[in-house]
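In my numbering, the protein residues as written are 5 to 138. Beta carbons are placed, not taken as given, at the ideal position from N, Cα and C, and that holds for glycine. Inspection log for the structure reproduced underneath, given as structure tokens.
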């Protein structure tokens with residue numbers, strides 16, 4: 005495998021995430037890179053992902069077990085437990101409340117985001133017809 009210039013792998017990962025309809029896992033990115041003719045070792049992909057997360061360009065979502073491009077500074081990721089949809093919502097009020105609470109504790113935050121599990125509007129409508137949401 006030829007050596008690539010620094011940052012080329014991160015740029016390719018960003019391009020793959022931009023094309024994806026939802027979060028992609030690290031190993032899924034390894035497969036897509038390989039399938040696209042740009043193979044990379046999993047350790048290099050995960051290192052590049054960590055750098056992208058640290059730079060604020062990518063968000064690691066624990067509930068969805070994947071990575072998404074960050075869309076500005078919107079810290080609310082709404083994860084539908086029924087269909088898997090991820091909605092990104094502005095969260096200025098949440099950010100302000102968290103920063104205020106952290107400040108009162110003498111704590112400085114570097115990045116604020118929240119993942120909220122729940123039920124999207126489409127699934128709620130379907131479930132309203134069938135019965136209560138579990």
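Only counting the same chain, and skipping five residues up and downstream in sequence, which positions put a Cβ closer than 6 Å to that of residue i?
i, result
"residue 57", "64"
"residue 116", "79, 99, 102"
Identify, in the order they occur along the chain, each residue of the same chain with its Cβ nearer than 7 Å to the Cβ of residue i, setting aside the five sequence neighbours on each side.
i, result
"residue 44", "13, 34, 37"
"residue 31", "46"
"residue 5", "Low per-residue confidence applies at residue 5: pLDDT is 49, beneath 50, and the placement is therefore not dependable enough to give any value."
"residue 119", "65, 66, 67, 81, 83"
"residue 55", "14"
"residue 124", "84, 87, 89, 91"
Output yes or no for whether 7 Å exceeds the beta carbon distance between residue i and residue j.
i, j, result
"residue 121", "residue 83", "yes"
"residue 70", "residue 80", "no"
"residue 17", "residue 52", "yes"
"residue 73", "residue 105", "no"
"residue 92", "residue 77", "no"
For residue i, which beta-bridge partners are listed by DSSP?
i, result
"residue 122", "84"
Please work out which residues of its chain come closer than 8 Å, Cβ to Cβ, to residue i, disregarding the five sequence neighbours upstream and downstream, and give them in chain order.
i, result
"residue 27", "65, 68, 69, 70, 71, 72, 90"
"residue 108", "none"
query: Which ranges does the alpha helix (DSSP H) cover as unbroken runs of at least 4 residues, wholly within the segment 62-118, from first to last along the chain?
result: Fully enclosed alpha helix (DSSP H) runs of 4 or longer: 96-108.
message: What ranges does the alpha helix (DSSP H) occupy inside the segment 22-64, keeping only unbroken runs of at least 4 residues that lie completely in it?
response: Whole alpha helix (DSSP H) segments, 4+ residues: 30-39, 46-58.
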